[in-house]
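Q: Quick note, the sequence shown lines up with residues 179 to 351 if you use my numbering. Ideal placement from N, C-alpha and C gives every residue a C-beta, glycine not left out. Below is the structure I would like to discuss, written out as structure tokens.
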Amino acid sequence: MSYDYEKSIRVFEDFPIKGISFKDISTFLADKEAFKHAIDEMVELIAPYKPDYIVGPESRGFIFAAPLAYALGCGFVVARKPGKLPGEVVSATYKLEYGTDSLEIPAFALEKGKKAVLVDDLLATGGTLSAIAGVLTSHGVEVPLAVCLIELEDLKGRDALPIPFVSLLKYPH
């Protein structure tokens with residue numbers, strides 16, 4: 179499926195700080211044709227893996243993961259900022275350019291033998307998805323694939339991932 183997603187995404191240079199080229203997906207999400215096409219394309223990419231769960235990190239990963247789980251007839255598991263989930267959780271900590279960050283995954287989703295596909299809006303350095311994949315696989319969950327709408331190629335996040343990765347749209351930076 180080939181679709182021009184770029185026409186629906188606004189790019190703001192030097193936002194939120196000088197040197198950053200911000201990819202704004204709010205216009206993409208408002209474009210019903212583009213959004214539907216992207217979800218349909220992601221479904222085709224993910225379906226052969228027959229996941230038990232789609233795992234989406236807070237917050238924009240939720241936007242893609244929930245409709246994908248619905249379309250694929252599987253569960254949706256959230257990865258949230260610390261302190262946002264009740265019950266037992268497992269933390270995934272990852273490096274940022276300026277420090278570290280963490281996400282928490284509900285412990286019930288860490289059942290050995292289950293299969294999970296990771297979905298987010300954008301891949302930059304790969305820290306978030308790599309950390310989530312690490313927690314899942316260390317608990318015996320198979321993670322055969324990660325999918326994002328956008329990939330910032332110059333940041334080489336794909337190289338940081340311990341799993342296969344697919345994006346629908348690539349930007350140099």
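Considering only residues of the same chain and omitting the five flanking positions on each side of lysine 293, which have a CB-CB separation below 6 Å?
A: Excluding sequence neighbours, lysine 293 sits near Pro229, Asp230, Glu320.
Q: Determine which residues share a DSSP beta bridge with glycine 261 and list them.
A: Answer by DSSP bridge pairing: none, since glycine 261 is not bridged.
Q: I'd like the list of long-range same chain contacts for leucine 314, defined as Cβ closer than 6 Å, with 5 residues on each side in sequence excluded.
A: If we look at leucine 314 and ignore the five residues flanking it on each side, its Cβ neighbours are Ala294, Val321.
Q: Tell me, which residues are paired with lysine 273 by DSSP?
A: The partner list for lysine 273 (beta bridge, DSSP) reads Thr278.
Q: Below 9 Å between beta carbons: does that hold for arginine 238 and aspartate 192?
A: Contact: no.
Q: Using only the heavy atoms of the ligand ATP, determine whether one of them is closer than 8 Å to the beta carbon of isoleucine 241.
A: No copy of the ligand ATP occurs in the structure displayed, which carries no ligand at all.
Q: Can you check DSSP and say which residues form a bridge with glycine 253?
A: Paired residue(s): Tyr231.
Q: Skipping 5 residues on each side, what residues in its chain have a beta carbon closer than 7 Å to that of arginine 188?
A: Excluding sequence neighbours, arginine 188 sits near Asp202, Thr205.
Q: Between the Cα of lysine 273 and the Cα atoms of Gly251, Ser308, Val221, Lys210, which residue gives the shortest distance?
A: Comparing Cα-Cα distances from lysine 273 to each of Gly251, Ser308, Val221, Lys210, the minimum goes to Ser308.
Q: Just to confirm, are leucine 323 and isoleucine 195 a CB contact at a threshold of 9 Å?
A: Not a contact, by the Cβ cut-off of 9 Å.
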